[in-house]
Amino acid sequence: MIRSTFLATAALALLAGPAPAQSDDRLDVVAQFEIQAPEPSTSGYIFTRMGIAETLVNADAEGHLIPGLATDWAVSEDGLTWTFTLRDGVRFHDGTAMTADTVVNALEIARGKPGPLADLPITGIAPGEGAITVTLSEPLAALPAYLAEFRSQILAPASYGPDGAGVEIIGTGPYRITAMAPPLSLDATAFADYWGPPPHIADVGYSGVSRVETRALMAESGEADFVFGLDPASVSRLGMLDSVEVLSVPISRTLLIKLNATHPFLAQPEARRALSLAIDRAGIARAVLRYPEGATQLFPPAVAGWHDDALSPLGHDVGEARALLAGLGWQEGSDGILVRDGKRFALTLTTYPDRPELPLVAAVLEQQFRAIGVELTINSTNSSEIPAGHQNGTLELALLARNFSLIPDPIGTVLSDYVGNGDWGAMNWRNADFAALVRGIARGVGGDRERAGAAAILQAELPVIPIAWYRQTLAVSDRVEGATIDPFERSFGLQYMRWAE
Amino acid sequence: MSALASRLVQAIMVALLIGAATFAMMRSLPGDAAWRIAAGRYGYDNVDAAAADAVRAELGLGGPALPALLQWLGDLARLDFGTSLVTGRPVAAEIAHQLGASASLALVAVLLSLLIGPPLGILAGLRPGGPLDRGLLVASTGLKAVPQFLMALVLIVALAVQLRWLPAAGHGTARHFILPGLTLALGLAAVNARIARDAMARIAAMPFWRFAQWKGLSERQTLIRHGLRNVSVPLITYLGLQFVTLVEGVIIVESIFGWPGIGHALVHAIFSRDVPMVQGTALVLGLGFVVVNAAIDLAVRHLDPRVAA
Amino acid sequence: MTLLKAEDISVRDGGTVILEPLSLQLDPGEPLVILGETGSGKSLMAQALMGTLPPELDAKGRIAIGTQVLNAGAPARFRGLWGREIGVLPQEPWLSLDPLMRARDQVAETHALVRGLPRGKARARAGADLAALGLGGSETRYPHELSGGMAQRVAIAAARAGGARIVIADEPTKGLDAARRDDVAALLLTEMGETGGLLVITHDLALARRLGGRAIVLRAGAVVECGATDQVFAAPKAPYTKEFFAADPERWAPRRHAARGGPAVVSAKGLALSRGGRTLFEDVSLEIFQGGVFGVTGPSGCGKSSLGDALLGLIDPARGTVSRRSGNHPNDFQKLYQDPVAAFPRKRTLGQTIADTARLCGARPGEIETLRDRLGLAPGLLARRPGAVSGGELQRLSLLRVLLRNPSFIFADEPTSRLDPITQARVIALLTETTERDGTALLLVSHDAALIRNTADTVLALAAPRPPCRPDAALARRRVASTLH
Amino acid sequence: MSVVEIHGARRPSLPLARMTGATLVVLVVLFALAGPLLVPGDPFAQSLMKALAGPEAAAPLGYDHLGRSVFHRLAHALRLSPLIALAAVATAGAAGLLLGTLAAAQGGWADRILTMLADALLALPGLLLVLIVLAILPGTALGFWAGLSLVLWVEFFRLTRAATRETLASPAVQASRLLGFGPAYLFRTHVWPEIAPMMLTAAAFGTATAIMAIAALGFVHVGMRAPTPELGLMMVELLPYWREAPLALLSPVLATFALLLGLTLLAGSRET
């Protein structure tokens, strides 16, 4: 009796032991993403971030496109034919060589699945001598940027099943997979035949941990070396520890309110501006996000070319907001909520908890909008409700985080979100001048002046209301050094990291 | 044999019930499923109309649900669970993969709880009203009043973050089992200890206990020869009933500890409307209960000849 | 040589003496019987001798066993004697065997652990012990597969395997059939033999008479009478002993048979009953008349209670017909239960329950009081709940409740089996008196053949059904449920 | 199930434990109901400048991460969960009582079907059922009520059925029937007094289970929606600040523990 209790305690003590939580020489990476399948179109971003798969084109920290598996690219005079010269001597993890045919195969399969490539005016991709050519039906200056997106990753032909579905990830990156256990883990080791400089740390492991609290605790306890995606509160807590270094970098992601521009309450730009004026961006940034400042315009400084320092910033002025709404015929009702033609100014704000700060900001907005007499009901639900509501017209307001550089050149996102009928962009908002400017930029005509003009239109019309510019934060254990953050969220940069002395 | 027959009926009812519940779930948001599945597959950055259309086209969603339900039951009869809407892999393969992780965690939890609870319970039951009995009552009542997620937090903060004895979360090595296992085990042990205590107190008050001592057996001999086996019968029976509590705990604990098991899969499948996965996991959990209890019926039958009579 | 000598054993509960000083001695080959009703202190006496009194009770006196002299106030030292010097044959031997252990193992463990024999030898000895008691072939049975008598023999073998020469048997016939009483007595005498000592505590007069030896009669913690058993029975001196013995159904004066009047209240033709697919009895025909007592007796499990239920229409017969006198109110047929506590709503006062009944039956005002006085019940009883009233009083209250219905037929199902002999005699007298006075027909069921013989006008003796009924099977199932909760 | 819940060998009830339990529950309820009356305040009002600030007169338990008074949010949360739980327990109790009595009194097919249904539900983790119902009625008190009622009725049903069956088969009921009493009287005087204490125990346990389930699901983000103050949600929101503002996190933790402990003690000692 006593003996078995004692044994249990002893066994626990033995397992627990005073041994440090970390003793192996594997770099443990923890992030929120779950590996669904060896399928580039769904989980591809994990493989590119882990340095397992690569794309033809890469982007540097400023967003400039740099060579990847393609060393060089050029476009024809008419802008309709692109040629990408392939890097020599690149081998896949299964030992086969990367050829023009294998690259075309990978891109054609990617184009057949939902993703940005599918919507491009591509008429054909053909193998050439050490190069591939992409032909277009209309000019597209940003094509190389599209090929830097994770779904355009180049995998060996053996990676795909007969129907094109991914069966195994055989990439060209500095690390090759040694074990993969969807949905939560992945082990990889340095690839001996990598074309570039070999990584310093040989063994890496990935764990998907969806709860941000758990990730932060893993960083705090020294359980993980590289913890991605931290919540603001944990950042300040981890910042107090010596054993962990918290890195933070502005990224091209904006926290914004998307609104239905044909909703009777929101159709006038004045109404949208009133809502914008109601928002205490500095307060939200400091208290909720723990950032030094809020957004002053839609595009963060990280979005090169589109951010315009000259633009007059979005402000916070409750009095003016009330005045604007009064000008639109709204009057304060008995409960403090505005009323017009017998209708209360009540709206539903849809958001999703996948990013933990969103429901928090929504809760703050609820109070700040109430201060100008607007009632918000918060619907924190599955992220798909936003595009679904956009499509069927039922969406009123949505709070979301939008990355302008999923494709390193923001033009693709701007084009689909604010000119096309992009699910995550403006809803029922059309502006001919804006469309003309953006279409020109996409074709390759126009530069910073045009971009600034487009940004100014967005600032004036407010088809979406920016709230804050994101910073990406991650925690790195003091066991390693050389960690960096890719503002374009394309790579964890594992191959540049080394064990601390 | 009739006990096993009733377990079979229970199993069939479980299957029907899960079919009906998931049927209702699928019908409740008919147009939404493709979107949800697309969000599950592509993530919030990339879910858009094109992705939802692709899902809709691929899976043939939006058809009438009754044939779908009948189809599922028919497939089930052939032991075919279908394929996951999110990952596209066969549900059976997904579950087989995740069940191992959950089952090993559950097993560790049960073993730990058996090492902690019953020995204390038996000692307390031998001296009802004694200090150990009172202490155990307080401790087990207190433990029962702690929700599992709270227990998990306390253990992580104390043992992983402050003392750094154990990994806070994750999986892979034996050490990773301890915190989630202990979280589950403490809740189970609180109940186990009470059951063992009550059974022991009841047995110690029975004429055969007294008679064994009158025959000349020492306290210790009486306990070993007549106590343990008799205590184990109600204990094992309750273990079967605790299976449900265990599974509920596993759902919460896996979410907190990032454990790649069936509970984690279930929550995700419900989030993303992956109906075949919900059906599959729920069915495995429900039938797991039936199978475990059928096995326990047999074990009790073996231990207690009166049950067989 | 005296095996056991107890001097001035007394037991107190705090300040009150509940067993007055008592001395006794146990000689080889001569049984000692302590006789008394429930509450007479006879079990306390036994517990004091074994050192098993509850800790809140305080014993005094000296006990000499063999060469050792022990203080009754220090019960811890008795433990070493158990199994080695004193073998205890517990009440309800069937419950005293470990339900999960085979018969031989329960005996063998005493040989092995108390005597220290090697395992193989212990098993062989246990087998021999059981064979000597006529249990050859039952060694590997579990207790629930044994009959009450067999369990008793296993228990004796297990109790004595440690080498005890003294056997203390506490109510050895409790829960056993009256028919098995003689077997038990014979078994105990055989086990005692020429050199052993036997102390039997019982309220069963027949058992005491069969055992012979010496007897002590206890009442309210004090000795009333003692002497050679034969003499005490032949010529009891104390008035209480006389009353106690007179209450024995064997000694009752046979009741004067009632005259038959009118048509039968209940009759049955070719009745057969079965339970669980097993036929209890077949082809029973009977008629019960107004003012008459119809007695049914037989071993337990023979279906005597079921017969009564069938006559009441509570269970359906397998074959045959039951007919009740026409023109009777449907609620004219009533029943008295073996355990009167279970026959009343547990959480209601008796007064409330009886008032409810009176209202339902449209009783005249004052009828309750009249009946209460007639049945000799104190008015204060009605304010209590069923659990707080003695069995005899409760059975009379049951009768009161039933009489409010003005029944034409009463089925009394073992109405006195849980009562002390003196109370039993009073309740039975009251029942027969009521039958005669009100012209009710009474069906009296009892396992006590003497009671039926001396009470009933007509007797139906049912035989044990074939295959032999297993009296403990039902009990076994109940106990399983209780072990599992 | 070969398990009968009612057993005679009940441990002598510990009035002290029950008294302690009742006191705890009363204290928590008193805090929830009267707290905001003593210190008026709004559980939703934010003051971002005061985020995670310590206690002051207007907010005796300090402020949360959005500068909302923890005191008032806690009081609000302690009304919400128990209210949902009580509603679910009341529904489940009524349904279980009705169906259990029906099954026991009726027997036959009604009994068999209800028992089969209850057995099947028993094999399913309650949390799973609540999750599925919440998928149908997301994030609302209604969803919780429906899901929890669906889970909890089984226990009441089984208790009622077992106790009613046993009572109906008892000599006491047979005697009353022979005397001519009707079903209403039998239920009132025989059945109900037997099951009432059990129902009370089951209700206390059921309430604890329900509160725990609501909090647990709040903690895995399936429960009530922000900014509704709910115990599990409050804990998960405040967890990242455990070093900065331990009091803010401890308040819902201790309140939940006190409430659940009180209910567990009040229920008395019954396994599972």
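Chains as they are written, first to last, in this note's numbering: chain L, 1 to 501; chain A, 1 to 309; chain Y, 1 to 485; chain B, 1 to 272. C-beta atoms are modelled at their ideal positions from N, C-alpha and C, and glycine is treated no differently.
I'd like the list of long-range same chain contacts for residue i, defined as Cβ closer than 8 Å, with 5 residues on each side in sequence excluded.
i: residue 290(L); result: 232, 233, 235 and 236
i: residue 381(Y); result: 350, 389, 393 and 397
Thinking C-alpha only, which one of the options is nearest residue i?
i: residue 30(L); options: 168(L), 72(L), 157(L) and 229(L); result: 229(L)
i: residue 77(B); options: 198(B), 222(B) and 232(B); result: 232(B)
i: residue 49(L); options: 38(L), 306(L) and 489(L); result: 489(L)
i: residue 152(L); options: 123(L), 129(L), 118(L) and 167(L); result: 118(L)
i: residue 455(Y); options: 439(Y), 435(Y), 320(Y) and 387(Y); result: 435(Y)
i: residue 50(Y); options: 169(Y), 370(Y) and 120(Y); result: 169(Y)
i: residue 412(Y); options: 427(Y), 404(Y) and 420(Y); result: 427(Y)
i: residue 122(L); options: 357(L), 141(L) and 128(L); result: 141(L)
i: residue 390(L); options: 13(A), 22(A) and 47(A); result: 47(A)
Measure the beta-carbon distance from residue i to residue j and round it to whole angstroms, keeping in mind my assumption that it falls under 8 Å.
i: residue 252(A); j: residue 216(B); result: 5 Å
i: residue 174(L); j: residue 190(L); result: 6 Å
i: residue 230(A); j: residue 118(A); result: The pair is not a contact, with the Cβ atoms about 12 Å apart (cut-off 8 Å).
i: residue 136(B); j: residue 11(A); result: Actually they do not touch by this definition, with Cβ atoms about 25 Å apart.
i: residue 76(Y); j: residue 9(Y); result: Between residue 9(Y) and residue 76(Y) the Cβ distance is about 17 Å, and since that is not below 8 Å, they are no contact.
i: residue 52(L); j: residue 33(L); result: No, residue 52(L) and residue 33(L) are not in contact; Cβ-Cβ is about 13 Å, not under 8 Å.
i: residue 375(L); j: residue 346(L); result: 4 Å
i: residue 35(L); j: residue 43(L); result: 5 Å
Tell me which residues share the same chain as residue i and place their Cβ nearer than 6 Å to its Cβ, disregarding the 5 neighbours each side in the sequence.
i: residue 270(A); result: 278
i: residue 340(L); result: 329 and 330
i: residue 247(B); result: 62
i: residue 75(B); result: 32, 35 and 36
i: residue 215(L); result: 30, 209 and 227
i: residue 249(B); result: 238 and 242
Grab me the residues of residue i's own chain with a C-beta within less than 7 Å of its C-beta, minus the 5 sequence neighbours each way, in chain order.
i: residue 36(Y); result: 42, 203, 217, 218 and 219
i: residue 228(Y); result: 214
Cβ-based contacts, 9 Å cut-off: residues of the region 101-133 of chain B near chain A: Those would be 116, 117, 119, 120, 121, 122, 123, 124, 125, 126, 127, 128, 129, 131, 132 and 133, in chain order.
At a cut of 8 Å, does the region 369-385 of chain Y reach the region 289-304 of chain Y through at least three beta carbon pairs? No: fewer than three Cβ pairs fall under 8 Å.
Can you list, in chain order, the residues of the region 219-233 of chain L whose Cβ is nearer than 8 Å to any Cβ on chain A? Within the region 219-233 of chain L, the residues whose Cβ lies closer than 8 Å to some Cβ of chain A are 220, 221, 222, 223 and 224, listed in chain order.
Check distances from the C-beta atoms of the region 216-229 of chain B to those of chain A and list, in chain order, the residues that come in under 8 Å. Listed by position, the residues of the region 216-229 of chain B near chain A (Cβ gap below 8 Å) are 216, 219, 220 and 222.
Contact between the region 284-300 of chain L and the region 424-444 of chain L: three or more CB pairs below 8 Å? Below 8 Å, too few C-beta pairs join the region 284-300 of chain L and the region 424-444 of chain L to call them touching: fewer than three.
What residues in the region 173-205 of chain B bring their beta carbon closer than 8 Å to a beta carbon of chain A? Under the 8 Å Cβ criterion, the region 173-205 of chain B contributes no residue.
Three Cβ pairs or more, each shorter than 8 Å: is that satisfied between the region 192-205 of chain L and the region 490-501 of chain L? Touching, yes.
Using 8 Å as the cut-off, can you tell me whether the region 314-322 of chain L makes contact with the region 268-285 of chain L, which would need three or more C-beta pairs spanning the two stretches below that distance? Because the criterion of three Cβ pairs below 8 Å is met, the region 314-322 of chain L and the region 268-285 of chain L touch.
Anything in the region 141-172 of chain A with a Cβ closer than 8 Å to a Cβ of chain L? List those residues in chain order, please. Against chain L - using a Cβ distance shorter than 8 Å - the residues of the region 141-172 of chain A are 156, 157, 159, 160, 161, 164, 165, 166, 167, 168, 169, 170, 171 and 172.
Relative to chain B, which residues along the region 230-253 of chain A have a C-beta separation below 8 Å, given in chain order? The region 230-253 of chain A vs chain B, Cβ under 8 Å: 237, 238, 241, 242, 244, 245, 247, 248, 251 and 252.
Counting pairs of beta carbons, one from the region 232-248 of chain A and one from the region 104-114 of chain B, are three or more of them closer than 8 Å? Look at the beta carbons and you see the region 232-248 of chain A not touching the region 104-114 of chain B: under three pairs across the two are nearer than 8 Å.
Quick test of the definition: if touching needs 3 or more C-beta pairs under 8 Å, does the region 156-163 of chain B touch the region 94-102 of chain B? Yes, the region 156-163 of chain B touches the region 94-102 of chain B.
Closer than 9 Å between beta carbons: that is the criterion. Which residues of the region 16-45 of chain A meet it against chain L? Only those residues of the region 16-45 of chain A whose C-beta falls short of 9 Å from the nearest C-beta of chain L are listed: 31, 32, 34, 35, 36, 37, 38, 39, 40, 41, 42, 43, 44 and 45.
What are the residues of the region 229-260 of chain B that lie near chain A, defined by any Cβ-Cβ distance shorter than 8 Å? For the region 229-260 of chain B, the beta-carbon criterion of a distance under 8 Å to any beta-carbon of chain A is satisfied by 232, 235, 239, 242, 253, 256, 257 and 260.
For the structure I just gave you, are there three or more beta carbon pairs, one from the region 336-343 of chain Y and one from the region 172-186 of chain B, closer than 8 Å? Taking 8 Å as the limit for Cβ pairs, the verdict is that the region 172-186 of chain B does touch the region 336-343 of chain Y.
Is the region 91-107 of chain Y touching the region 119-135 of chain Y in the sense that three or more CB pairs, one from each, lie closer than 8 Å? These segments touch.
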